[in-house]
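Student:
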Amino acid sequence: MLLLFLFAMFLPAEAESALQLFSGNQCLGNVNSLQQGAFSLVSATDMASLLELPAVAKDDTLVVTAGRNKIQLVSGASAAWLDVELVPLAASCVQRNGQWFLESGSALKLFHSLLSRSGKNVSLRWGTEVSDGAPAPLVTPPEPTKTPSSPVRDASAVSAPSSARPLLKGVRWGIDDDKIRVVLDLEGTGEPEVQRGAGSMKVFFSSGPWPVPGIPSPYREVNAGAMNFGDRLMIDFGSSLVVQEILSLEAPKRLVIDFRRSAASGAPVVPPVVVHAPRPTPLPTLSPLPPSTVETPRSPSRTGKRIVVVDAGHGGKDPGAVANKIREKDLNLSVSRMIVARLKEFGIDARLTRDSDIYLTLRRRTEIANTMNADLFISIHGNALPPGKSATGMEIYLMALPTDKDAMELARFENRELAEDNGDSTKAADKRTQTLLAILGNMQQNAKISESTGFAEYLFNGGKAGGLKMRRVAQAPFYVLRGAAMPAVLVELGFLTDRQEAKLLA
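Sequence positions in the sequence shown follow this note's numbering and run 33 to 538.
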């Protein structure tokens, strides 16, 4: 017991305090908060109480209602339900001592949207932090000072309206011996908002195409991800490299960020400089993505035919599941070829991502579909279960928050191919799967989820009408579906681990 006590004494404690919640200029009261890592979390339970909204908790779920509208929070989830839409959260929801905690900015946005939908016109904001239960006067932080030489704002919080920011058209990458250059092509007036932290930089825009062209990063030294919040678009850079320079350039309008590669080798660190250059400067030659083991299919000319890309999962060094003398990679290719041949009989321009036993990375598969300007993307797989478990039937998955624990585990298994692609551990691949959960709730992604759902249900009903044993349509964060710019589904043909079903599939 003494050892446990001593160990507990050295555990880092989470800082607990409270924040004042304001509606306009009226202070509604204090909301419990806690600091968890880099995030400030606030009690959604307290917010609901102060806003006089009914809140019902059951197991790991909290439902807050306003008229006919509702928020649904699930402990550990990185997205929340707002009616039938998924809304991304900056940090996962935390359940503690009968309360549900959300990242403070996400909480404001979520409750503001809920109240707006119910017809209440409110303006929610946080006041100052309260310690030891003592109220503190409201302090309005000064606006950041702008200078003509530094139009790119570096703010601790993103507060500018989205209309003041430009539109992001796409991201380009370049590399040489001493730096990695990122070029963000812009359109419109205003400047992007930059939020910086240790080893990270977030850049906010009014909107842009989704998925963002040029994301993710082709270089391991600089990670880049995108999130679409509906009213704004964010590019999140993470790197151990020093940001050497940020350039805001015109004609054409763009933002250039240089990450200095020599910083890690002991060279003196130069403070980042933000420069506004009136004239465009020459850029280094942009390097293409790393070469693939398969020839890039040329983008077909649009002849009026629908283009469907069929992806035979696994291949080459990756056999997939192996059971009852069947290798999944062989089954996937055989069935994919049959699907393509059948679709062509109906006048559809059907194409394969691979037509031989070669290995393709998960990202490469959807790159091929995007290059072909495909209308639909189907990834073909075979299912498997561990010893002691049994199931049969075909499953159709779309990329969204997982339907259940089994769907999540299947996604983890399929995504672990990422570990080999990047030389990482299985744990790192699982972390990437969790990262996918954090990007599924944006509005434009929801539109693709809706289209993919309709596609999946069409396939399911067609299979059922044709006498196939259709098990279910489900959701899971499959990485192979992430980069597809078109409706995309993953089909699990059946369970190789079931002896009878394996005979049917062979």
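All C-beta atoms, glycine included, are put in the ideal place defined by N, C-alpha and C.
#1: Output yes or no for whether 9 Å exceeds the beta carbon distance between S280 and E225.
#2: Grab me the residues of L500's own chain with a C-beta within less than 7 Å of its C-beta, minus the 5 sequence neighbours each way, in chain order.
#3: With a 10 Å radius around its C-beta and 16 neighbouring C-beta atoms as the bar for buried, classify N454 as buried or exposed.
#4: Only counting runs of 3 or more residues, tell me where the beta strand (DSSP E) segments fall wholly within the stretch 88-165, in order along the chain.
#5: Please confirm whether L199 and F236 have their CB atoms less than 9 Å apart.
#6: If you drop the 5 nearest sequence neighbours on each side, which residues of the same chain put their C-beta closer than 6 Å to that of L82?
#7: Among L528, V288, K349, D208, which has the Cα closest to the Cα of G202?
#8: Would you call the stretch 407-414 and the stretch 519-538 in contact, with 3 or more CB pairs under 8 Å?
#9: What's the C-alpha gap between W8 and A517?
#10: What's the call for E84, buried or exposed, on a 16-neighbour Cβ count within 10 Å?
#11: How would you label S72, buried or exposed, when you count the other beta carbons within 10 angstroms and need 16 or more for buried?
#12: Can you tell me whether T393 is buried or exposed? The criterion is at least 16 other CB atoms within 10 Å of its CB, across all chains shown.
#13: Quick one: grab the DSSP three-state call for F291.
#14: Hey, would you say A139 sits closer than 9 Å to V74, going by beta carbons?
#15: Could you name the residues that DSSP lists as bridge partners for K211?
#16: I339 to D350, Cα distance in whole Å?
#17: Please check the pair P248 and G240, which I expect to be a contact at CB under 8 Å, by giving their CB distance rounded to whole angstroms.
#18: Counting along the chain, where does the alpha helix (DSSP H) carrying M233 start and finish?
#19: Is it true that the CB of L156 sits closer than 9 Å to the CB of S55?
#20: Within the same chain, show all residues whose beta-carbon is closer than 6 Å to that of V88, passing over the 5 residues directly before and after it, in chain order.
#21: Under 6 Å Cβ to Cβ from D290, same chain only, skipping five residues before and after it: list those, please.
#22: If you draw a straight line from the alpha carbon of F3 to that of P519, how long is it in whole angstroms?
#23: For L134, which of L146, S145, L121, H144 has the nearest alpha-carbon?
#24: Which residues does DSSP pair with V275 in a beta bridge?
#25: Tell me whether L363 sits in a helix, a strand or coil according to DSSP, three-state version.
#26: Could you have a look at F71 and say whether DSSP puts it in helix, strand or coil?
#27: With 16 as the cutoff for other CB atoms within 10 Å, does Q67 come out buried or exposed?
#28: On the premise that A355 lies in contact with A534, defined as a C-beta separation below 8 Å, what is that separation, rounded to the nearest angstrom?
#29: State the Cα-Cα distance for the pair A423 and G270, rounded to the nearest angstrom.
#30: So, with DSSP's three-state summary, where would you put S55?
#31: Using three-state DSSP, classify L218 as helix, strand or coil.
#32: If you draw a straight line from the alpha carbon of M259 to that of N57, how long is it in whole angstroms?
#33: Alpha carbon to alpha carbon, what distance is there between E483 and Y490?
#34: Going by other Cβ atoms of all chains shown within 10 Å of its Cβ, with 16 needed for buried, is F378 buried or exposed?
#35: On a Cα-Cα basis, can you pick out the residue from W113, A406, L363 that is closest to R383?
#36: Tell me the DSSP secondary structure of S49 in three-state form.
Tutor: So, from the listed chains and residues:
#1: no
#2: Hits under 7 Å: M426.
#3: Any reading at N454 needs caution, since the residue's pLDDT is 49, under 50, leaving its predicted position unreliable; the model's value is listed next. By the neighbour-count rule (16 or more Cβ atoms within 10 Å), N454 is not buried but exposed.
#4: 93-98, 101-106, 111-114, 117-120, 126-128, 131-135, 156-162
#5: no
#6: L53, L60, G61
#7: Ranking L528, V288, K349, D208 by Cα distance to G202 puts V288 first.
#8: yes
#9: Given a span of 33 to 538 for the chain in the structure shown, any question on residue 8 remains unanswerable.
#10: exposed
#11: buried
#12: buried
#13: strand
#14: yes
#15: R292
#16: 27 Å
#17: Wrong, their Cβ atoms sit about 15 Å apart, outside the cutoff.
#18: Not the alpha helix (DSSP H): M233 falls in the beta strand (DSSP E), residues 232-237.
#19: Yes, these two residues count as a Cβ contact at 9 Å.
#20: V95
#21: K211, R213, Q276, E277
#22: Here the chain covers residues 33 to 538 and nothing more, so residue 3 does not appear.
#23: L121
#24: F291
#25: helix
#26: F71: strand per DSSP, three-state reduction.
#27: exposed
#28: 7 Å
#29: 42 Å
#30: S55 falls in the strand class under three-state DSSP.
#31: strand
#32: Their backbone Cα atoms lie some 31 Å apart in a straight line.
#33: 11 Å
#34: exposed
#35: A406
#36: strand
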